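The numbering used here numbers the first residue of the sequence shown as 20 and each following residue consecutively. Reading through the structure tokens given below for one structure.
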Amino acid sequence: MASAGDDTGQAGGDGGGGSLWLDTTPDTAYPPLVGDVRYDVVVVGGGITGLTTAYLLKQAGSRVAVIERHRVATGTTGNTTAKVTSLHSLTYAQLVDKRGEEVARLYGEANQAAIAKIASLVDQLGVDCQFERAAAYTYTESADNVGQVEAEVEAAVRLGLPASYTDQTDLPYPVRAAVRFENQAHFHPRRYCLALAAAIDGDGSTVFEQTDALGVDEQQDGVVVRTSNGVVSANQVVVATLLPFVDRGGFFAKAHPMRSYAMAVRIGGDVPRGMYLSVDSPTRSLRPAHYQDTTGLVLGGASHQTGREEQTSGYYQDIEDWARATFDVRAVDYRWSAQDYTTLDSVPYVGRSPRAARTFVATGFKKWGITNGTAAAMLLTDTIGGRDNPWTEVFDATRIGGAQSIAKAVKQNLQVGKDFVKDHVARRQAPSVDDLVPGQAGVVKIEGRSVGAYRDGAGALHVVNITCTHLACTLRWNDAETTWDCPCHGSRFSAEGRVLEGPAVKDLDRIEVEGE
20 MASAGDDTGQ AGGDGGGGSL WLDTTPDTAY PPLVGDVRYD VVVVGGGITG
70 LTTAYLLKQA GSRVAVIERH RVATGTTGNT TAKVTSLHSL TYAQLVDKRG
120 EEVARLYGEA NQAAIAKIAS LVDQLGVDCQ FERAAAYTYT ESADNVGQVE
170 AEVEAAVRLG LPASYTDQTD LPYPVRAAVR FENQAHFHPR RYCLALAAAI
220 DGDGSTVFEQ TDALGVDEQQ DGVVVRTSNG VVSANQVVVA TLLPFVDRGG
270 FFAKAHPMRS YAMAVRIGGD VPRGMYLSVD SPTRSLRPAH YQDTTGLVLG
320 GASHQTGREE QTSGYYQDIE DWARATFDVR AVDYRWSAQD YTTLDSVPYV
370 GRSPRAARTF VATGFKKWGI TNGTAAAMLL TDTIGGRDNP WTEVFDATRI
420 GGAQSIAKAV KQNLQVGKDF VKDHVARRQA PSVDDLVPGQ AGVVKIEGRS
470 VGAYRDGAGA LHVVNITCTH LACTLRWNDA ETTWDCPCHG SRFSAEGRVL
520 EGPAVKDLDR IEVEGE
């Protein structure tokens, strides 16, 4: 999974926890912005991308403000599987085919450099974040996929990456073939990010939490970031949210959102030491993790496009069923989910935003935001500082892409249009609110109006307008997270209508129901 901005969508596990990483770290209490302030650079988004960018900019001499809607590292960063690796499933053979060998080489180089940067910052900050070196594997159990694995090994070796072919692992089941990358790592992402935030705050730089960024206005001599609590003026702004809330780059049409599910379990017997991801369907992911005075497993892999599934709790059940069939599961302690975006060519958009001079973006990490987000921070720091960076063209945020990318964009946006029409038709056929039982939600009719209603466990009714405040798509209910999710561009809202994830910046209208 990836990381970039922040949301709070997560589900509790048998042990009462949502995300393992959030449950095992203290809450933060950075103040909200009050009034109008000025800094050299303002960074919007308190996930690993934004915090790393802000830290590196401060180290380079800038006065930096971080603006976070919720609390730092409680969104995708706090809900990732936290693999620190440049092995991104089957990436390199496809990149060579789509964008050429030089781009693929530089993409791998950037992510390898990100691993080294994280390792150096762990030492520099002196943080105990369970940073541990391990091999990473992309594997298959199917003879049908062996050829793809072999092609990935060949491409990765040719690009100078630490790759080799193997069919031997420490998994409790045989594999047909695997790509192995040496000297990768895993860690506790929120402990790491809390250390970054602490190092940013002070000496002229500030972390602001509980502050919604609402808009960015570029001026001749700088930028103005409008927030829910005041205005931040700066020379430049970095938008390090999952998807830029500033729509001038059209990123909502060039990247699609995916939600992924994970859980942490304790097992009997030996715990695999490597990090694993299958290329089969359904995808399986695992890595070791230290908690509750033992070493457990973080398992994942189930995913779907945001807003396209309503019975999402079944994804947790799928992971648990696989876990119990594969390992001696003693306890399921945590369950959580995260969101990230995939670009048209599967490479993030990082750099100066289209049609902008002082606005920079980083988005579309394809669930690999730990390294891609760190590499983005390094690239953005160089660009803002006026230094050349060899990765600039690879991640260019203004690129349009070739014929394949354009065709993919057309297909995705046609589907968005179909969903828009389908959902608006369905709203006219909504049932009565009286049909909802405690714990259930849906599109219902109240006084002839189609709205979204959720009746909580205590029977209280929460009613909102389910027209997304971004571009007016109809929201759909997510039963695992009890949220309203947008199938068009991935915005997410709480049952009470609060924005959890953008690109939307405005809450849903709440509707009072007489007698409730």
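Where is the CB? At the ideal position from N, CA and C, for every residue including glycine. Source: prediction; values computed, not measured.
- Task: Look up D401 in the DSSP assignment and say whether it is helix, strand or coil.
- Result: Residue state, collapsed to three classes: helix.
- Item | 6 Å CB neighbourhood of H107 in its chain, flanking five on each side removed | The answer, listed in chain order, is W387.
- Close Cβ partners of T225 (< 6 Å) along its chain, the five nearest in sequence each way excluded: If we look at T225 and ignore the five residues flanking it on each side, its Cβ neighbours are A84.
- If we count the other Cβ atoms within 10 Å of its Cβ and call it buried at 16 or more, is S510 buried or exposed? S510 comes out buried.
- Task: Could you give the DSSP three-state label for S22: helix, strand or coil?
- Result: At S22 the pLDDT is 35, less than 50, meaning the model places this residue with poor confidence and gives no usable figure here.
- Pick from G476, R468, T345, A259: whose alpha carbon is nearest that of G94? That would be A259, whose Cα lies nearest to the Cα of G94.
- V413 versus S81, N130, K102, residue with shortest Cα-Cα distance: Checked all of S81, N130, K102; the closest Cα to V413 is N130.
- Message: On the CB-based measure, 16 or more other CB atoms within 10 Å of its CB, does A376 come out buried or exposed?
- Response: It counts as exposed.
- Message: Let me check understanding here. Comparing Cα to Cα, which of D498, D222, L75, A92 lies closest to T44?
- Response: If you compare the alpha carbons of D498, D222, L75, A92 with that of T44, the shortest gap goes to A92.
- Query: What is the rounded straight-line gap between the Cα of Y74 and the Cα of S279?
  - Reply: Rounded to the nearest whole angstrom, the CA to CA distance from Y74 to S279 is 28 Å.
- Message: Quick test of the definition: if touching needs 3 or more C-beta pairs under 8 Å, does the region 140-159 touch the region 197-213?
- Response: These segments touch.
- Query: At what residues does the alpha helix (DSSP H) containing L75 begin and finish?
  - Reply: It spans 67-78 - the alpha helix (DSSP H) in which L75 sits, taken as one unbroken run.
- Task: Take P373 and list the residues in its own chain whose beta-carbon comes closer than 6 Å to its own, dropping the five residues that flank it on each side.
- Result: Around P373: G268, T417.
- Between V317 and L114, is the Cβ-Cβ spacing less than 8 Å? No, Cβ-Cβ distance for V317 and L114 is not below 8 Å.
- Mind reading off the beta-carbon distance from M294 to T104? Whole number of angstroms is fine, and I expect it under 8 Å. M294 to T104, Cβ: 6 Å. Contact.
- Item | Touching by the beta-carbon criterion (3+ pairs, under 8 Å), the region 231-246 and the region 307-323 | These segments do not touch.
- Who are W410's beta bridge partners in DSSP? When DSSP reads this structure, W410 sits in no beta bridge, so it has no partner.
- Query: For R418, which beta-bridge partners are listed by DSSP?
  - Reply: Answer is none; R418 lacks a bridge partner.
- Item | Exposure of Y167, with buried meaning 16 or more beta-carbon neighbours within 10 Å | Per the sequence shown, residue 167 should be read as Gln rather than Tyr. It is buried - the Cβ of Q167 has at least 16 other Cβ atoms within 10 Å.
- Item | Anticipated Cβ contact below 8 Å, D396 with T99, distance rounded | It is Ala, not Asp, that sits at residue 396 in the sequence shown. That belief does not hold up - the Cβ atoms of A396 and T99 are roughly 16 Å apart, past 8 Å.
- Message: Within 10 Å of its beta-carbon, does M20 have 16 or more other beta-carbons around it, so buried, or fewer, so exposed?
- Response: Per-residue confidence for M20 stands at a pLDDT of 38, beneath the threshold of 50, marking its modelled position as unreliable; the derived number appears in the next sentence. Of the other Cβ atoms in all chains shown, 16 or more fall within 10 Å of the Cβ of M20; this residue is therefore buried.
- Minimum C-alpha distance to D116 - residue among S365, N164, G287, V256: By alpha-carbon distance to D116, the top candidate from S365, N164, G287, V256 is S365.
- Could you name the residues that DSSP lists as bridge partners for H309? DSSP, once it has assigned bridges, lists T314 as partnering H309.
- Message: Taking the beta carbon of V532 as the centre, do at least 16 other beta carbons fall within 10 Å, making it buried, or is it exposed?
- Response: Counting other Cβ atoms within 10 Å of its Cβ, V532 stays below 16 and is therefore classed as exposed.
- What are the start and end residues of the alpha helix (DSSP H) that includes E171? Run containing E171: 165-177, per the alpha helix (DSSP H) assignment.
- Could you please give me the residues that DSSP links to R474 through a beta bridge? According to DSSP, R474 shares a beta bridge with Q459, L480.
- Item | Three-state secondary structure assigned by DSSP to K427 | In this prediction, K427 has a pLDDT of 47, which is less than 50 and means its spatial position is unreliable; nothing more can be read from the coordinates.
- Put Q448 into one of helix, strand or coil per three-state DSSP. Only weak support exists for where Q448 lies, its pLDDT of 49 falling under 50; the coordinates are left without a value.
- Item | Proximal residues to H275 (C-beta, below 7 Å), its chain only, five neighbours per side dropped | Excluding positions up to five away in sequence, the list reads Q324, Y360, T361, Q431.
- Message: Rounded to whole angstroms, what is the Cα-Cα separation between F150 and T382?
- Response: Looking at the two C-alpha atoms, the distance is approximately 25 Å.
- Alpha carbon to alpha carbon, how far is H443 from L494? Residue placement at H443 is flagged as unreliable, the pLDDT there being 48, under the threshold of 50; a coordinate-derived value is accordingly withheld.
- Query: DSSP on W496, reduced to helix/strand/coil?
  - Reply: For W496, the secondary structure class from DSSP, reduced to helix, strand or coil, is strand.
- Since E237 is in the beta strand (DSSP E), which residue starts that stretch and which ends it? For E237, the enclosing beta strand (DSSP E) covers residues 232-238.
- Can you list, in chain order, the stretches of the alpha helix (DSSP H) that have 4 or more residues and sit fully within the region 77-141? For the region 77-141, whole alpha helix (DSSP H) runs of length 4 or above, ordered along the chain, are 111-118.
- Query: Counting pairs of beta carbons, one from the region 303-310 and one from the region 237-249, are three or more of them closer than 8 Å?
  - Reply: Touching, no.
- Task: Compute the Euclidean distance between the alpha carbons of T400 and T72, then round it to the nearest angstrom.
- Result: Counting only the Cα atoms, T72 lies some 6 Å from T400.
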